[in-house]
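Novice:
Protein chains: 2
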Amino acid sequence: MARKVGRRGGNIVTIHDVARHVGVSPMTVSRVINGEKNVREETRQKVLASVEALNYSPNMAARSLATQDVARVALLYSNPSSAYLSEFLLGILEQSAQSGCQLTIESCDGPEGAASAIEKLKSTGTDGVVLPAPLSDSTRVAKALKDLNIPFVGVATARPSADVTSVSIDDYKAAYSMTKRLIALGHRRIGFIKGHPNNYGSQLRYDGFVAAMAKAGLEVDDSDVVQGYFTYRSGFDAAETLLGRDERPTAIFASNDDMAAGAVATAHRLGLDVPSQVSIVGFDDTAMATMVWPELTTVRQPISDMSALALKLLLDQIRAKRTGTPYTPIREIRDFSLIERQSSAAVSDA
Amino acid sequence: MARKVGRRGGNIVTIHDVARHVGVSPMTVSRVINGEKNVREETRQKVLASVEALNYSPNMAARSLATQDVARVALLYSNPSSAYLSEFLLGILEQSAQSGCQLTIESCDGPEGAASAIEKLKSTGTDGVVLPAPLSDSTRVAKALKDLNIPFVGVATARPSADVTSVSIDDYKAAYSMTKRLIALGHRRIGFIKGHPNNYGSQLRYDGFVAAMAKAGLEVDDSDVVQGYFTYRSGFDAAETLLGRDERPTAIFASNDDMAAGAVATAHRLGLDVPSQVSIVGFDDTAMATMVWPELTTVRQPISDMSALALKLLLDQIRAKRTGTPYTPIREIRDFSLIERQSSAAVSDA
DNA sequence: AGCGCAAATGGTAGCGCTATCATGGCGTAA
DNA sequence: TTACGCCATGATAGCGCTACCATTTGCGCT
Chain F
1 MARKVGRRGG NIVTIHDVAR HVGVSPMTVS RVINGEKNVR EETRQKVLAS VEALNYSPNM
61 AARSLATQDV ARVALLYSNP SSAYLSEFLL GILEQSAQSG CQLTIESCDG PEGAASAIEK
121 LKSTGTDGVV LPAPLSDSTR VAKALKDLNI PFVGVATARP SADVTSVSID DYKAAYSMTK
181 RLIALGHRRI GFIKGHPNNY GSQLRYDGFV AAMAKAGLEV DDSDVVQGYF TYRSGFDAAE
241 TLLGRDERPT AIFASNDDMA AGAVATAHRL GLDVPSQVSI VGFDDTAMAT MVWPELTTVR
301 QPISDMSALA LKLLLDQIRA KRTGTPYTPI REIRDFSLIE RQSSAAVSDA
Chain C
351 MARKVGRRGG NIVTIHDVAR HVGVSPMTVS RVINGEKNVR EETRQKVLAS VEALNYSPNM
411 AARSLATQDV ARVALLYSNP SSAYLSEFLL GILEQSAQSG CQLTIESCDG PEGAASAIEK
471 LKSTGTDGVV LPAPLSDSTR VAKALKDLNI PFVGVATARP SADVTSVSID DYKAAYSMTK
531 RLIALGHRRI GFIKGHPNNY GSQLRYDGFV AAMAKAGLEV DDSDVVQGYF TYRSGFDAAE
591 TLLGRDERPT AIFASNDDMA AGAVATAHRL GLDVPSQVSI VGFDDTAMAT MVWPELTTVR
651 QPISDMSALA LKLLLDQIRA KRTGTPYTPI REIRDFSLIE RQSSAAVSDA
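Keeping their order, the protein sequence lines are chains F and C.
Numbered by the working numbering, the letters in the first sequence go through residues 1 to 350 in order.
Numbered by the working numbering, the letters in the second sequence go through residues 351 to 700 in order.
#1: Quick check on LEU76 of chain F: does DSSP put it in helix, strand or coil?
#2: Tell me the rounded alpha-carbon separation between GLN577 of chain C and VAL628 of chain C.
#3: If you measure between the beta carbons of THR165 of chain F and PRO329 of chain F, is that distance less than 7 angstroms?
#4: Looking at chain F, which residues of the stretch 393 to 405 of chain C have a Cβ within less than 8 angstroms of any of its Cβ atoms?
#5: Less than 7 angstroms between the beta carbons of ALA610 of chain C and GLY632 of chain C, yes or no?
#6: So with Cβ pairs under 7 angstroms, would you call MET351 of chain C a contact of chain F?
#7: Let me confirm a value: THR139 of chain F is counted as buried when at least 16 other C-beta atoms fall within 10 Å, else exposed. Which label applies?
#8: Measuring straight from C-alpha to C-alpha, what distance separates GLU444 of chain C and SER276 of chain F?
#9: Using alpha carbons as the reference points, say which of C:ARG650, C:ASP607, C:PHE603 lies closest to VAL292 of chain F.
#10: What distance in whole Å lies between the Cβ atoms of HIS618 of chain C and ARG300 of chain F, which are believed to be in contact at a cut-off of 8 angstroms?
#11: Under the rule that 16 or more other beta-carbon atoms within 10 Å means buried, what is GLY541 of chain C, buried or exposed?
#12: For GLN95 of chain F, list the residues DSSP reports as bridge partners.
#13: Give me the subset of the stretch 285 to 296 of chain F whose CB atoms are less than 8 angstroms from a CB atom of chain C, sorted by chain position.
#14: Output yes if chain C places a C-beta closer than 7 angstroms to the C-beta of MET60 of chain F; else output no.
#15: Of the residues F:GLU219, F:VAL141, F:ALA144, which one's Cα is nearest the Cα of THR179 of chain F?
#16: Report the rounded CA-to-CA distance for ARG357 of chain C versus ALA62 of chain F, giving the unit in angstroms.
#17: Count Cβ pairs between the stretch 376 to 384 of chain C and the stretch 36 to 43 of chain F that sit closer than 8 angstroms; are there 3 or more?
#18: From the DSSP output, which residues share a beta bridge with PHE580 of chain C?
#19: Please confirm whether VAL70 of chain F has its beta-carbon closer than 7 angstroms to some beta-carbon of chain C.
#20: Does any residue of chain C have a CB that is nearer than 7 angstroms to the CB of ILE92 of chain F?
#21: Whose CA, out of C:VAL517, C:ALA467, C:ASP520, C:VAL505, lies closest to the CA of ALA494 of chain C?
#22: Are the CB atoms of GLN452 of chain C and MET60 of chain F within a distance shorter than 7 angstroms?
#23: How is THR364 of chain C classed by DSSP in three states: helix, strand or coil?
#24: Between the stretch 217 to 236 of chain F and chain C, which residues of the former have a C-beta closer than 7 angstroms to a C-beta of the latter?
#25: Does the beta-carbon distance from LEU263 of chain F to VAL153 of chain F come in below 7 angstroms?
#26: Could you tell me the distance, in whole angstroms, from the CA atom of TYR526 of chain C to the CA atom of CYS108 of chain F?
#27: Return the chain-ordered list of same chain residues with a C-beta closer than 7 angstroms to the C-beta of VAL51 of chain F, the five sequence neighbours on each side being excluded.
#28: At what residue ranges does the stretch 25 to 61 of chain F contain a whole run of the alpha helix (DSSP H), taking only runs of 4 or more?
#29: Given a threshold of 16 other Cβ atoms within 10 Å of its Cβ, counted over all protein chains shown, does THR648 of chain C qualify as buried or as exposed?
#30: Looking at chain F, which residues of the stretch 591 to 616 of chain C have a Cβ within less than 9 angstroms of any of its Cβ atoms?
#31: Between ALA492 of chain C and chain F, is there a C-beta pair that is closer than 7 angstroms?
#32: With a cut-off of 8 angstroms on the beta carbons, I'd call VAL374 of chain C and THR393 of chain C a contact; round off their distance for me.
#33: In chain order, what residues of the same chain have a beta carbon less than 8 angstroms from the beta carbon of VAL347 of chain F, not counting five sequence neighbours either side?
#34: Using the rule of at least 16 other Cβ atoms within 10 Å of the residue's Cβ for burial, across every protein chain shown, is SER202 of chain F buried or exposed?
#35: Confirm, please, whether the CB-CB distance from VAL491 of chain C to LEU498 of chain C is below 7 angstroms.
#36: Under 7 angstroms between the Cβ atoms of GLU340 of chain F and VAL167 of chain F?
Next up, the structure:
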């Protein structure tokens, strides 16, 4: 019976409906919704009850318009693992829905991609940028954004730059913990596949590994450390080097899951069972980790939490810039966790 | 120098600024922006020039508010491959930014997940739902949404339900083409790994395979067809069955990339080179396809196009519902493409 | 010329929400 | 008691944009 409602699309519940229902002014409802103080507890309860009863949910468009908080935020990415990206998106989307900001996703592949992508940001009046994993370490991008005076937040940045807000985990500590765990499982000789040489996080992971080995009084032989490039193929090849000899390590720690997956494939090819003959662990807990078999023991980053937080911090920064408030960059560290799956086990007695 | 600007956040260019700059009314500018007719070409050009010059870009929040087009749209998903999800998100995000609709991402895992997720949709007043791959085939979800009278669009739905709008590719034809290609490469005995039995698309793919074989006058032996479940592990095991015997096929067609990747791993484990000794092809062109080595020859769906289109169709449907216009469900078919990578080759003379 | 009709443009009034200021009530200190 | 300040609430005025008319302009026709 769709009542005639001028331009209205449907019978959407507005703040006015709630106000009328409770018998207060819209302002009061607004205050309750936004958790402001200076509202009597009794009133608050009544409002909340009505919100529930009427099934009210705020119109983000109207809110953004009124608050002028419509930040245009861009997510710049360059070929991350898609597993990483999708989880990243999930987190940032939820946050952006909550904050009611205009989110744009922009890919910058290729060497000139970054430049043109940033040019585009500039011309569309982007207020801020979130940089996920591989891009957050790009000095070029960071410099370009800084030159344009566009605030940005890096996620999983390993490079410890004090003047940039970032959200990351402690790569060093994570690698340390994982290594310690392998040692606890009885492994004495552990092969390591390094990440991409340009990536600072790679370095930290390696350092953590070395430190844990040293702490346990174990030597790291040069031949047990192989350079990788974060790709499956590089892990595949690196594992060949590590496992294709008489004296082989009983465990391999790859700097990411793709390489660990590649290493597992090589182990299989060489007729080695994982994990009974060789344990293989990864890093990141991307979808790859549970896609292969056996599923990978790995280090998990709370990616969607991190991206959500990154956006929140970015919005703070933008707001500060707008109001002229001085802003102090923040380096936020989130907790990682060790995920034990079937690719690692205690070293066999054999 | 931040000029004082009331509540305004920054010096955002509005439609009024453009209007003043051109010397027309805001309405005219609005019309140009929205590509309406009834604007003199000359005026249009002037407006466009000013838009460019002032770097104007419309405020989505204001637009949504004014048009009342703020559809609340949900993307319901249940453990798809993350590669699929991220590409799906990319497409739908771009579209939602353009359409200025409020997009929510909702996961429904577990058996009761769907029910509770849908309950949530109901209580938040969702106007429509997009259902990506595995979920689009769930009769339960479809029924629940239909009962609630919430419009939805399925993507990659294989089930040919005439009363539901959907976007998909022709699974049958794609499988047919891929099979034909393998035959052209000289393969006569081709193993097939089926997808999940509950998935209608699986059936279509299998049918396409069988049809192409029949067309070429080739027999499909029962022992060359193995049931899989879309997982890496199931492909791994299935390939064992197919390849671990004397008379083995020279090629394997897996119903998705994960299984193809598993099959490659098994081939390696059995000491078979891919593709010189056995070609292995997949389906979907997810990130998995390029992550493993050798990279997989596969069938590519234009996922992000499809998700964008799905959202567009959904919005049409919502609009129709609101205005009371009768709506005819649409079954949109997009083109697939064959991607040839390193996992397939002509059958060797040996 | 004059008329009518359509195309081009402008004016006005909101969309749902919140910033800001105004108001009224109440407690406390003088 | 009077004065003052603080707290809870309300009234008002937009935020940037577009729907819906009203108006103007152009132009073909009689």
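For each residue, glycine too, the CB sits at the ideal point set by N, CA and C.
In this text the structure is predicted, and so the values were computed from the model without any measurement.
Specialist: From the atom records:
#1: Along the first sequence, read from residue 1 onward, the residue named residue 76 of chain F stands at position 76. The answer is strand: DSSP assigns LEU76 of chain F an E or B state.
#2: Within the second sequence, numbered from 1, the residue matching residue 577 of chain C stands at position 227. Within the second sequence, numbered from 1, the residue matching residue 628 of chain C stands at position 278. If you take the alpha carbons of GLN577 of chain C and VAL628 of chain C, they lie about 19 angstroms apart.
#3: Working through the first sequence from its first residue, we reach residue 165 of chain F at position 165. Working through the first sequence from its first residue, we reach residue 329 of chain F at position 329. Yes, Cβ-Cβ distance for THR165 of chain F and PRO329 of chain F is below 7 angstroms.
#4: ASN405
#5: If you number the second sequence from 1, residue 610 of chain C lands on position 260. If you number the second sequence from 1, residue 632 of chain C lands on position 282. It is a contact, given that the beta carbons lie within the stated cut-off.
#6: Looking up residue 351 of chain C in the second sequence gives position 1. In this prediction, MET351 of chain C has a pLDDT of 25, which is less than 50 and means its spatial position is unreliable; nothing more can be read from the coordinates.
#7: Taking the first residue of the first sequence as 1, we reach residue 139 of chain F at position 139. Looking at its Cβ environment, which holds fewer than 16 other Cβ atoms inside 10 Å, THR139 of chain F is exposed.
#8: By 1-based counting over the second sequence, the position of residue 444 of chain C is 94. By 1-based counting over the first sequence, the position of residue 276 of chain F is 276. C-alpha separation (whole angstroms): 47 angstroms.
#9: Stepping through the first sequence from its first residue, residue 292 of chain F is reached at position 292. That would be C:ASP607, whose Cα lies nearest to the Cα of VAL292 of chain F.
#10: Taking the first sequence and counting its residues from 1, the one referred to as residue 300 of chain F is at position 300. Taking the second sequence and counting its residues from 1, the one referred to as residue 618 of chain C is at position 268. Incorrect: roughly 28 angstroms between the Cβ atoms, too far for contact.
#11: Against the second sequence, residue 541 of chain C aligns to sequence position 191. Classification for GLY541 of chain C: buried.
#12: Residue mapping note: residue 95 of chain F aligns to position 95 of the first sequence, counting from 1. None, per the DSSP bridge assignment.
#13: THR286, ALA287, MET288, MET291, VAL292, TRP293
#14: Numbered from its first residue, the first sequence carries residue 60 of chain F at position 60. Chain C, which has a Cβ nearer than 7 angstroms to the Cβ of MET60 of chain F, makes this yes.
#15: Your numbering for residue 179 of chain F matches position 179 in the first sequence. Minimum Cα distance to THR179 of chain F is reached at F:GLU219.
#16: Here residue 357 of chain C corresponds to residue number 7 of the second sequence, with the count starting at 1. Here residue 62 of chain F corresponds to residue number 62 of the first sequence, with the count starting at 1. Caution is warranted here: a pLDDT of 38 is assigned to ARG357 of chain C, below 50, making its placement in the model unreliable, and the coordinate value is therefore given only provisionally. So the alpha carbons of these two residues sit roughly 15 angstroms apart.
#17: no
#18: Sequence index remark: in the second sequence, residue 580 of chain C carries index 230 (1-based). BP columns for PHE580 of chain C are empty, so no partner.
#19: Within the first sequence, residue 70 of chain F is the residue found at index 70, counting from 1. Taking Cβ atoms only, chain C reaches closer than 7 angstroms to VAL70 of chain F, which makes this a yes.
#20: In the first sequence, counting from the first residue as 1, residue 92 of chain F sits at position 92. Chain C contact via Cβ: absent.
#21: Walking along the second sequence from the start, residue 494 of chain C turns up at place 144. When only C-alpha atoms are compared, the closest one is C:ALA467.
#22: Locating residue 60 of chain F in the first sequence gives position 60, counting from the first residue. Locating residue 452 of chain C in the second sequence gives position 102, counting from the first residue. Yes. Within cutoff.
#23: On the second sequence, residue 364 of chain C is found 14 positions in, with the first residue counted as 1. In the structure shown, THR364 of chain C sits in coil (DSSP, three-state: anything other than H, G, I, E or B).
#24: TYR232, ARG233, PHE236
#25: The residue labelled residue 263 of chain F in the question sits at position 263 within the first sequence. The residue labelled residue 153 of chain F in the question sits at position 153 within the first sequence. Here residue 263 of chain F turns out to be Ala, not Leu, going by the sequence shown. No, Cβ-Cβ distance for ALA263 of chain F and VAL153 of chain F is not below 7 angstroms.
#26: Here residue 526 of chain C corresponds to residue number 176 of the second sequence, with the count starting at 1. Here residue 108 of chain F corresponds to residue number 108 of the first sequence, with the count starting at 1. Approximately 35 angstroms, taken between the alpha carbons.
#27: Position 51 of the first sequence, counted from the start, is the residue given in the question as residue 51 of chain F. Only VAL18 meet the Cβ criterion.
#28: 26 to 33, 41 to 54
#29: As a first step, residue 648 of chain C is located in the second sequence; it is residue number 298 there, counting from the start. With 16 or more other Cβ atoms within 10 Å, it is buried.
#30: ASP608, ALA611, GLY612, VAL614, ALA615, THR616
#31: Residue mapping note: residue 492 of chain C aligns to position 142 of the second sequence, counting from 1. No - not a single Cβ of chain F is within 7 angstroms of the one on ALA492 of chain C.
#32: Locating residue 374 of chain C in the second sequence gives position 24, counting from the first residue. Locating residue 393 of chain C in the second sequence gives position 43, counting from the first residue. About 6 angstroms separates the two Cβ atoms, so the contact holds.
#33: Within the first sequence, residue 347 of chain F is the residue found at index 347, counting from 1. Closer than 8 angstroms at Cβ, skipping near neighbours: LEU185, GLY186, HIS187, ARG188, THR250, ALA251, SER279.
#34: Mapped onto the first sequence, residue 202 of chain F falls at position 202. Buried, by the Cβ-count rule.
#35: Start at 1 with the first residue of the second sequence, and residue 498 of chain C comes out as number 148. Start at 1 with the first residue of the second sequence, and residue 491 of chain C comes out as number 141. Contact flag unset, no.
#36: Position 340 of the first sequence holds residue 340 of chain F. Position 167 of the first sequence holds residue 167 of chain F. No, they are not a contact pair.
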